[in-house]
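Worksheet: the structure to be examined is printed underneath.
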């Protein structure tokens with residue numbers, strides 16, 4: 003099992019985490035991962051109206067910021083939220099963002 | 003007393019708030035305002051190594067995102083954090099960001 007380059011927990015930077023989540027598509031991916039747990043990255047976001055290249059860019063931003071952890075298994079990339087790591091370095095941040103995003107989603111659906 | 007254009011509480015958007023805080027200078031301004039309360043904008047950030055034009059841009063991003071509230075009094079612009087508004091729409095978000103930033107600041111100072 004090979005792993006792609008991604009920051010150690012102590013190297014996760016607040017500004018990068020905020021920047022990674024400050025995008026509607028990436029926020030949607032984060033919300034989905036919060037519900038589903040680990041997923042092949044082609045299983046999340048494939049239905050979004052975003053080109054595959056753009057989606058790959060979004061996955062990379064999330065991974066390099068330390069928001070997600072990617073594990074390569076053969077030709078599949080499994081992606082999950084780094085919930086424990088984020089909670090350790092920025093307690094409450096991920097939950098407040100997820101709650102805020104859920105609130106918005108509910109409002110948008112009426 | 004005149005007020006500049008800034009979003010009503012219900013128009014504050016999560017992505018914009020995250021984006022506004024996802025910058026080292028703006029995060030520093032937010033941290034300072036959390037300590038000082040309302041300040042003339044030339045009193046905060048004037049010592050940062052940032053051009054005045056850039057600083058004005060940062061203030062505008064924070065204001066337009068709904069992170070800060072600006073009140074114009076004559077030639078002075080008073081700036082404050084919209085803590086109550088942010089806590090109302092995204093509970094816990096501002097505190098978790100401020101805690102995370104404080105933690106980083108302490109680490110940087112050794």
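Residue numbers (our numbering), protein chains in the order written: chain A, 3 to 112; chain B, 3 to 112.
By construction, the Cβ of each residue, glycine as well, lies at the ideal position given by its N, Cα and C atoms.
TODO: Give the residues of chain B in contact with residue 9 of chain A, contact being defined as C-beta atoms less than 7 Å apart.
DONE: Here the premise fails: no neighbours, minimum Cβ distance about 14 Å.
Task: Closer than 8 Å at the beta carbon, the chain A residues around residue 101 of chain B - done: For residue 101 of chain B, the C-beta contacts it makes with chain A under 8 Å involve 92, 93 and 94, in order along the chain.
TODO: Please state if the CB of residue 101 of chain A and the CB of residue 93 of chain B are separated by a distance shorter than 8 Å.
DONE: Yes; because the gap between Cβ atoms is below 8 Å, this pair is in contact.
Task: Ordered list of alpha helix (DSSP H) runs contained in the region 55 to 104 of chain B, each at least 4 residues - done: Scanning the region 55 to 104 of chain B for uninterrupted alpha helix (DSSP H) segments of 4 residues or longer gives 85 to 91, listed from N- to C-terminal end.
- [ ] Determine the chain A residues that contact residue 24 of chain B at a beta-carbon separation under 7 Å, and present them in chain order.
- [x] Chain A residues near residue 24 of chain B: 17, 20, 21 and 24.
Open item on the list: I need the boundaries of the alpha helix (DSSP H) containing residue 38 of chain A, first residue and last residue.
Closed with: Unbroken alpha helix (DSSP H) run through residue 38 of chain A: 26 to 38.
Open item on the list: Taking only three categories from DSSP, how would you classify residue 41 of chain B?
Closed with: Residue 41 of chain B falls in the strand class under three-state DSSP.
Task: Burial state of residue 98 of chain A (16 or more Cβ within 10 Å) - done: With 16 or more Cβ atoms within 10 Å of its Cβ, residue 98 of chain A is classed as buried.
TODO: Count the other CB atoms, across all protein chains shown, that sit within 10 Å of the CB of residue 33 of chain B; report buried if there are 16 or more and exposed otherwise.
DONE: With 16 or more Cβ atoms within 10 Å of its Cβ, residue 33 of chain B is classed as buried.
- [ ] Mind checking which residues open and close the alpha helix (DSSP H) that includes residue 18 of chain A?
- [x] Here the alpha helix (DSSP H) through residue 18 of chain A covers 16 to 23.
Open item on the list: Check this for me: beta carbons of residue 39 of chain A and residue 82 of chain A, under 8 Å apart or not?
Closed with: Closer than 8 Å, so yes.
Open item on the list: Which of the three DSSP states is assigned to residue 13 of chain A in this structure?
Closed with: In the structure shown, the three-state DSSP call for residue 13 of chain A is helix.
Task: Buried versus exposed, by CB contacts within 10 Å (16 or more), residue 77 of chain B - done: Residue 77 of chain B is exposed by the Cβ-count criterion.
Task: Selection of the region 28 to 56 of chain B by Cβ proximity to chain A, strictly under 7 Å - done: For the region 28 to 56 of chain B, residues whose beta-carbon sits nearer than 7 Å to a beta-carbon of chain A comprise 29.
- [ ] Identify which residue in A:29, A:24 and A:44 has its Cα closest to the Cα of residue 72 of chain A.
- [x] The residue with the shortest Cα to Cα distance from residue 72 of chain A is A:44.
Open item on the list: For residue 184 of chain B and residue 56 of chain A, I'd like the C-alpha separation in whole angstroms.
Closed with: Residue 184 of chain B is absent from the structure shown; chain B starts at 3 and stops at 112.
Open item on the list: Here's the rule I'm using: 16 or more other beta-carbon atoms within 10 Å means buried, otherwise exposed. How should residue 6 of chain A be labelled?
Closed with: Classified as exposed, residue 6 of chain A has fewer than 16 neighbouring CB atoms from the shown chains inside 10 Å of its CB.
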